[in-house]
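J.: One structure is given below, represented as structure tokens, and several questions about it will come after.
So, in structure tokens, the structure goes:
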């Protein structure tokens, strides 16, 4: 029972945000190493940035 607290959820969101930063960096590396082209990189970065922004917004709302 006591695992569904805001504190637990915030911890989960912090981990998710860290993972999103890792994905962002890995995506940058595969672009820099020439495995994907610029248009694919830009599209992917846009989606990654969107996910990170949503996570940050949710974290801020819950921390209020």
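Numbering (the numbering used here), first residue to last: 8 to 71. Think of the CB as a built atom: it goes at the ideal place given N, C-alpha and C, for glycine as much as any other residue.
#1: Using only the alpha-carbon positions, how far apart do residue 37 and residue 43 sit?
#2: Should the stretch 14 to 31 be called in touch with the stretch 45 to 61, which here means at least 3 C-beta pairs below 8 Å?
#3: Short check: CB of residue 17 to CB of residue 62, under 8 Å?
#4: Please report the distance separating the alpha-carbon of residue 52 from that of residue 46.
#5: Run through DSSP, which three-state label would residue 63 get?
T.: With the structure as the only source:
#1: 6 Å
#2: yes
#3: no
#4: 10 Å
#5: helix
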